[in-house]
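Residue numbers (the working numbering): 13 to 374.
Given below as structure tokens:
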């Protein structure tokens, strides 16, 4: 009597074949592993740097009826963050804002501009002080050319030391994930369809879902290994921050898996929409390239115009980058990244609903 057909063995065989095919592809290894590592070496060697805009807050009892406050609050280079004292202090310690400012009147004609900073955001302080000094000098020249209208004092609270690698490594993980998932899935399934392999597998006893699951598992395992290598490389060579040790490492992998599933959905969609292999890179890049520059992969998203911040915030790569940075540097847990994971989940539901509708086996 013949043994019943094993769906689990078939799924495992497809997964194994998919993983081996990816691992043997020089292009896949280069773009998913070596290219991000090269970028990490370049960015990690640059030291710490700042951005072109600053998130700041004012102390609750700060004097706001003066020309200094008015100039700072109106300057487009500053984004004024509001909230309760405890929330603002927590943001400062985690490096989410550059400084907390307090303006107090010292006598009838002078003010003290007190800058409260954190060691978690030392990369922005030199530029911030330079901007504030420039503003004070300009105001003084307009009102009292003989002497400055205000002095600048400083204070620093304890926070984690923020390194450039803490910004760039999560971005490189997102860069690797989205490229590998979309290009890999789109090209593989298009090729399988063109060579009638999918049709042959569809006619076999293997369940349709197991064909997709097997291919997805093979690619997913490969990409998880890539992320593990990138995190360990950043940790041991450049001191990448894992705020809660192994817990943070594990949560990074969980977030990675969720994002990978979403990005692979775009690959399935593109493979079904493409009429030939030449249009796959066009469709893929139309989705990926804007996100590379809008989602905080290579530079802070706060550098972008305020008018498009709503668009930036709803992009799936932004959600991934923000979630990884919150977990790795700020010490948040997955339960604290519900907003980012919710955005990814919404994208996942939408894209798979469309992909299932248009997916073709031949």
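By construction, the Cβ of each residue, glycine as well, lies at the ideal position given by its N, Cα and C atoms.
For residue i, which residues of its own chain have a beta-carbon under 6 Å away from its beta-carbon, when the five flanking residues on both sides are left out?
i, result
"residue 342", "106"
"residue 91", "67"
"residue 252", "177, 181 and 246"
"residue 337", "182"
"residue 98", "none"
"residue 137", "129"
"residue 166", "127"
"residue 286", "202 and 292"
"residue 93", "67, 69 and 109"
Which residue's Cα is closest to the Cα of residue i: the options?
i, options, result
"residue 261", "242, 249, 113 and 24", "242"
"residue 232", "251, 272, 205 and 267", "272"
"residue 348", "94, 360, 334 and 359", "334"
"residue 332", "24, 367, 352 and 99", "352"
"residue 381", "113, 359 and 283", "Absent from the model: residue 381. The displayed extent of the chain is 13 to 374, so no value can be given."
"residue 65", "313, 155, 320 and 358", "313"
"residue 363", "280, 27 and 148", "280"
"residue 409", "319, 318, 316 and 308", "Limits of the chain in this structure are 13 at one end and 374 at the other, which puts residue 409 out of reach."
"residue 32", "226, 269, 360 and 277", "226"
"residue 198", "143, 148, 330 and 367", "367"
"residue 88", "200, 143, 302 and 96", "143"
Which of the three DSSP states is assigned to residue i in this structure?
i, result
"residue 70", "strand"
"residue 342", "coil"
"residue 136", "coil"
"residue 348", "helix"
"residue 87", "coil"
"residue 61", "Confidence is the limiting factor: at residue 61 the pLDDT is only 41, short of 50, which leaves the residue's position unreliable, though a coordinate-based value still follows. Residue 61 falls in the coil class under three-state DSSP."
"residue 335", "helix"
"residue 255", "coil"
"residue 18", "coil"
"residue 164", "strand"
"residue 330", "helix"
"residue 357", "helix"
"residue 313", "helix"
"residue 32", "helix"
"residue 286", "coil"
Considering residue i, what are the terminal residues of the beta strand (DSSP E) in which it resides?
i, result
"residue 114", "111 to 117"
"residue 92", "90 to 92"
Keeping to the same chain, check which residues put their C-beta closer than 8 Å to that of residue i; ignore five residues upstream and five downstream.
i, result
"residue 115", "70, 74, 75, 76, 78, 80, 81, 123, 124, 125, 126 and 162"
"residue 118", "124 and 163"
"residue 58", "Its pLDDT being 46, under 50, residue 58 is placed unreliably in this model, and the coordinates cannot settle the point."
"residue 110", "66, 67, 68, 129, 133, 136, 137 and 140"
"residue 345", "256, 259, 263 and 339"
"residue 370", "281, 284 and 285"
Write down the C-beta distance between residue i and residue j rounded to the nearest angstrom, noting that I regard them as a contact closer than 8 Å.
i, j, result
"residue 274", "residue 356", "5 Å"
"residue 185", "residue 239", "6 Å"
"residue 339", "residue 263", "5 Å"
"residue 27", "residue 191", "Rounded, the Cβ-Cβ distance is 21 Å, inconsistent with contact."
"residue 189", "residue 235", "6 Å"
"residue 360", "residue 277", "6 Å"
"residue 296", "residue 151", "Contact doesn't hold; Cβ gap of about 51 Å is too wide."
"residue 316", "residue 306", "7 Å"
Which first and last residues belong to the alpha helix (DSSP H) in which residue i is found?
i, result
"residue 127", "First-last for residue 127: 123 to 130, but that is the beta strand (DSSP E), not the alpha helix (DSSP H)."
"residue 183", "176 to 206"
"residue 321", "321 to 325"
"residue 98", "97 to 105"
"residue 303", "292 to 306"
Using a Cβ-Cβ cutoff of less than 7 Å, which residues in the same chain neighbour residue i once the five nearest sequence positions on both sides are dropped?
i, result
"residue 326", "355"
"residue 248", "none"
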